[in-house]
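The structure appears right after this line, and notes come after that.
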Amino acid sequence: MSAVDTLAKAISEQAAGSPRLLVAISGPPGAGKSTLAEALEKALMARGVPASILPMDGFHMDNAVLEERGLLARKGAPNTFDVRGFVDIVRAVREGGEVLVPVFDRTRELAIAAARAIPAGPRVVLTEGNYLLLEDQPWSVLAPLFDLTVMIAPPADELRRRLEARWRGFGLDEAAVAAKVEENDLPNGRLVLSRSRKADFVFSDN
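Counting in this note's numbering, the sequence shown runs from 136 upward without gaps.
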């Protein structure tokens with residue numbers, strides 16, 4: 136059974152009779168969190184279970200703020216997100232009303248405010264991002280807010296291959312790709328795998 140099928144079954148069973156079920160999908164950069172969340176949303180809807188996606192990437196600090204703080208080269212590291220804003224949104228989503236959330240536009244490298252609506256009422260909310268289960272402050276307040284947790288942990292060689300392909304796809308030369316992957320993405324990924332709370336489900340791929 137695939138990761139999508141396994142999770143769709145488990146989530147459907149847990150969501151029965153629940154006003155709102157929050158699922159955390161965590162993993163290193165390039166692990167396939169967004170891909171899994173999108174496939175899972177479709178699988179749940181096919182089962183008649185309303186579902187929405189809440190991406191953590193919408194809470195990237197703006198490049199101007201990162202530049203002021205000397206963090207632009209580390210964009211994507213734990214200290215380059217609006218953690219308080221993200222926690223507030225997750226708590227609001229738990230309450231069950233409609234919530235407007237930001238979405239990250241990777242082609243322009245910026246977050247767009249109120250770009251997605253999570254409707255009110257009973258539904259599964261698939262939250263996806265690197266640091267959802269991180270045990271370090273200030274991220275550690277998040278894990279208890281989720282009803283079911285997932286970690287995607289592909290083999291290191293596969294992760295490197297995906298990350299290199301991602302940055303090449305944005306037109307970066309080989310030196311820039313190597314810098315992005317070796318100096319930022321992979322260190323962030325190692326942090327996720329070593330410092331995250333144990334998930335309910337762990338997959339080496341999705």
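Note that the Cβ used here is the ideal one computed from N, Cα and C, for glycine as well.
Since residue i contacts residue j with CB under 8 Å, what's their CB separation in whole angstroms?
i	j	result
VAL158	VAL260	7 Å
PHE194	ASP217	5 Å
TRP274	PRO213	6 Å
GLY165	LEU298	4 Å
GLY256	GLY231	7 Å
If you reduce the DSSP assignment to three classes, tell me which class residue i lands in.
i	result
ARG229	helix
LEU245	strand
ASP240	strand
LEU294	helix
ALA314	helix
ARG209	helix
ARG204	coil
ASP251	Reading the sequence as shown, one finds Arg at residue 251 and not Asp. ARG251 falls in the strand class under three-state DSSP.
VAL184	coil
Considering only the beta carbon of each residue, do residue i and residue j sit closer than 8 Å?
i	j	result
SER331	GLU270	yes
VAL327	PRO154	no
VAL234	ALA288	no
ALA150	LEU156	yes
LEU307	MET286	no
PHE221	MET196	no
ILE253	VAL276	no
Keeping to the same chain, check which residues put their C-beta closer than 6 Å to that of residue i; ignore five residues upstream and five downstream.
i	result
PHE172	Here the sequence assigns Ala to residue 172, which means Phe is not the residue at that position. Cβ within range, chain order: ILE160, ILE188, LEU261 and GLU263.
VAL225	LEU280
LYS315	TRP302
ARG219	none
SER147	ARG182 and VAL184
Going along the chain, which residues of its own chain have a beta-carbon closer than 7 Å to the beta-carbon of residue i, five neighbours each way excluded?
i	result
ALA250	PRO237 and VAL238
MET180	ALA186
If we ignore side chains and look at the alpha-carbon of each, how far apart do residue i and residue j end up?
i	j	result
ASN265	GLY324	8 Å
LYS144	GLU203	46 Å
ALA300	THR170	15 Å
LEU182	ALA174	Strictly speaking, residue 182 in this sequence is Arg, with Leu absent from that position. Their backbone Cα atoms lie some 13 Å apart in a straight line.
Please return the same chain residues whose Cβ sits closer than 8 Å to the Cβ of residue i, not counting the five positions on each side in sequence.
i	result
GLU176	ALA186, SER187, ILE188 and LEU261
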